[in-house]
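Trainee: Sharing a structure here in structure tokens format.
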């Protein structure tokens, strides 16, 4: 880490500004090296790796069916996305298919997570530009969603909701609880979004700042919400829907300007779409979500010499997990890729020819994971 070969920009009036890895807040560590001419950023280089924990090696040290608590801790704000991908993979490898109701419960958990984390980002964006109504309201709304998640599974980030072969059920009381919570959320969320979108100070800071064009996004291979905000039509829930999103299709939402404003609007629209999706699923009285009995996957061996890949569209984008088994059916490799990995260079490109003072809002509009990258 100390000998990292930073890119150099030379010139009499060029200077470098180093930020991190320790930041002024309770956030993850990462080093940002800005090459500037005056206040303009010519190049941003991002050094990560401070949170490397050896996750992939750790996943090979325990029985394959006992990895859920580790997997859902890889990236704390994407616990459900990681857990679902893991469960789907080991269920496929052990030939233990679950019921549609079980997968729908997992879809409910995932969309609850998506809403909470998008609103958390909106809260940060509002705070960064001193839009105090947003800073207060988005924080309250996020709390309502994660508290509802806690009432279902005992954890505000959804840990423990999903396990191989099963998912925490929703009693009729909890089902009505979620419907009431989401209905109240939708009303207040629409109101605060309208206020933020109408704010001239917010427009002045976000519009035209940190632009990533559609062409650049495609060339860099950006994924998830960042890519969609630049006009790239990519969403695993739409292109590879599986039976959950075949039964209840997800809406493919995109913006076109690729700036901080677009990324903010993208999150607003996606969170709202997730609320509507959840209300549709929870309001379907033909579905029995009160029990998720499924074949017991825990005692079944994994198929030998098999490669399995799972993709779950988390808040940031597709969470990819690849499992390979040996001839004895033991895990040989467990590879994880967080959607932040391909998107970090997108942040570097977004800063080019912007003022260095634009970095905080660009960084928050991407809202990437350090630990998801470092593993």
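In my numbering, the protein residues as written are 16 to 390. The C-beta atom is built at its ideal place from N, Cα and C for all residues, glycine as well. Because the structure is a prediction, the values reported are computed rather than measured.
1. What span of residues does the alpha helix (DSSP H) with residue 381 cover, start to end?
2. Pull the bridge partners of residue 55 from the DSSP assignment, please.
3. Nearest CA to the CA of residue 87: which residue from 223, 104, 212, 172?
4. Can you give me the Cβ contacts of residue 216 inside the same chain, cut-off strictly under 6 Å, excluding the 5 residues immediately before and after it?
5. Going by Cα to Cα distance, which pick from 280, 248, 351 is closest to residue 230?
6. Mind reading off the beta-carbon distance from residue 317 to residue 339? Whole number of angstroms is fine, and I expect it under 8 Å.
7. Where does residue 270 fall in DSSP's three states?
8. DSSP on residue 204, reduced to helix/strand/coil?
9. Ignoring anything shorter than 3 residues or poking outside the segment 314-365, list the beta strand (DSSP E) runs there in chain order.
10. Can you tell me where the alpha helix (DSSP H) with residue 133 in it begins and where it stops?
11. Once the 5 residues before and after residue 42 are set aside, which same chain residues still bring their CB inside 7 Å of it?
12. So if DSSP puts residue 47 in a beta bridge, which residue, or which two residues, is it bridged to?
13. Sorted by chain position, which residues of the same chain lie with C-beta nearer than 7 Å to residue 75's C-beta, five sequence neighbours on each side aside?
14. Is residue 210 helix, strand or coil when you go by DSSP?
15. Quick check on the DSSP output: the alpha helix (DSSP H) that includes residue 70 runs from which residue to which?
16. According to DSSP, is residue 286 helix, strand or coil?
17. Might you give, ordered along the chain, the residues of its own chain that have their beta carbon closer than 6 Å to the beta carbon of residue 370, omitting 5 neighbours on each side?
18. DSSP three-state call for residue 182: helix, strand or coil?
19. Take the Cβ of residue 19 as the centre, count every other Cβ of all protein chains shown within 10 Å, and call the residue buried at 16 or more, exposed below.
20. So, under 8 Å CB-CB, residue 45 and residue 35 are touching, yes? Tell me the CB distance rounded to an integer number of Å.
21. Taking buried to mean at least 16 other C-beta atoms within 10 Å of its own C-beta, is residue 2 buried or exposed?
22. Using a Cβ distance threshold of 8 Å, determine whether the segment 143-156 contacts the segment 204-211, with at least three qualifying pairs required.
23. Using the Cα positions of residue 63 and residue 358, report the straight-line distance between them to the nearest angstrom.
24. Which partner residues of residue 177 appear in the DSSP bridge assignment?
25. Do residue 292 and residue 222 come within 8 Å of each other at the CB atom, strictly closer than that value?
Mentor: Quick look at the numbers:
1. 374-381
2. 52, 370
3. 172
4. none
5. 248
6. Between residue 339 and residue 317 the Cβ distance is about 10 Å, and since that is not below 8 Å, they are no contact.
7. coil
8. helix
9. 322-328, 333-340, 346-352
10. 115-143
11. none
12. 34, 61
13. 346, 349
14. helix
15. 70-73
16. helix
17. 54
18. strand
19. exposed
20. 5 Å
21. Only positions 16 to 390 of the chain appear in the structure, and residue 2 is not among them; the question remains open.
22. yes
23. 13 Å
24. 182
25. no
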